[in-house]
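Taking my numbering, I'd label the letters of the sequence shown as residues 4 to 184.
We put the CB at the ideal spot given by N, CA and C, even for glycine.
All of these numbers come straight from a predicted model, not from anything done at the bench.
Each remark here refers to the structure printed beneath this line.
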Amino acid sequence: MCTSRRPSTASIFSISWKTARGPSMKRLSSEERKRSEMNIAIGTTQDRALYEDALRVRRLVFIEEQNVPEDEEIDAFEDDSFHLVLYDGQTPVGAGRLRFIDEGVGKIERICVLPSYRGRGAGRMVMEAIEQLAKTKGAKTAKLNAQTHAEPFYKKLGYTTVSGVFMDAGIPHVTMVKSLE
């Protein structure tokens with residue numbers, strides 16, 4: 004049941020892309036070096052510092068950049084979700100949210116990356132981590148509503164579009180799904 008996946012403070016953990024380099028390993032590319040400095044933390048609204056960091060990134064991207072009303076961006080599902088923050092050192096640069104909408108279905112929401120980190124693998128890192136969390140919590144399917152300009156990004160990650168275009172917060176979206184099995 005979904006109750007076993009309900010967020011709690013005990014669900015806090017971090018995922019790190021630290022890369023060990025030994026004599027037999029190849030030289031790290033600039034992309035690999037950048038990824039090795041990035042860390043992802045996952046928690047809940049009870050983890051105030053982490054949640055505030057997630058909101059900071061979401062406010063910058065959705066409210067300030069895209070003009071989404073704050074009461075639509077910060078909604079009734081905050082407490083029932085896992086919140087993910089991508090850090091570059093101590094600086095929050097990306098965020099996302101996961102909640103369960105049906106048995107075996109994880110809804111991925113609020114995926115965002117600061118403008119200066121776009122096109123550098125940060126979005127992929129957020130998605131890989133949130134999909135791994137969804138699998139760990141028993142999801143067989145991931146579902147998301149993608150802004151249409153981001154649809155090619157999600158297709159590259161294996162998502163399939165399953166709806167026509169619809170408006171959400173004044174922005175065109177499509178629903179996409181991916182099997183996590």
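Going by DSSP, which residues form a beta bridge with residue i?
i, result
"F80", "None; F80 has no bridge partner."
"T151", "T151 is not bridged to any residue."
"M179", "L147 and T164"
"A98", "V88 and C115"
"F169", "H176"
"K110", "R102 and K146"
Which residues in the same chain have their Cβ closer than 8 Å to the Cβ of residue i, if we skip the five residues on either side of it in sequence?
i, result
"N70", "G173"
"H176", "N148, A149, Q150, T151, V168, F169 and M170"
Excluding the 5 residues preceding and the 5 following residue i in the sequence, name in chain order all residues of the same chain whose CB lies nearer than 6 Å to its CB.
i, result
"L117", "V96"
"G126", "V116"
"T48", "Y54, E81 and D82"
"L3", "Here the chain has residues from 4 to 184 only, and residue 3 is not among them."
To the nearest angstrom, how far is the alpha carbon of residue i from that of residue j?
i, j, result
"G122", "Q150", "16 Å"
"M179", "S166", "7 Å"
"E75", "T139", "29 Å"
"G46", "L58", "13 Å"
"P72", "E112", "16 Å"
"F103", "S119", "31 Å"
"F80", "Y162", "23 Å"
"G124", "G92", "16 Å"
"K110", "Q135", "13 Å"
"S84", "D78", "11 Å"
"D105", "E67", "32 Å"
"I114", "V60", "10 Å"
"K181", "R62", "27 Å"
Are residue i and residue j touching if we call contact CB-CB under 8 Å?
i, j, result
"A153", "L101", "no"
"M41", "L87", "no"
"I43", "A145", "no"
"G99", "V129", "yes"
"L158", "L183", "The amino acid at residue 158 is misidentified as Leu; the sequence shows Lys. No, Cβ-Cβ distance for K158 and L183 is not below 8 Å."
Measure from the C-beta of residue i to each C-beta in chain E and report whether the shortest distance is under 8 Å.
i, result
"S182", "Among the chains in the structure shown there is no chain E, since it carries only a single protein chain."
Among residues of its own chain, excluding the 5 on either side of residue i, which ones have a beta-carbon nearer than 7 Å to its beta-carbon?
i, result
"R36", "Only weak support is given to the placement of R36: the predicted model assigns it a pLDDT of 49, under 50, and the value that follows is read from those uncertain coordinates. Around R36: no qualifying Cβ."
"A52", "none"
"D56", "V88 and P95"
"F156", "G126"
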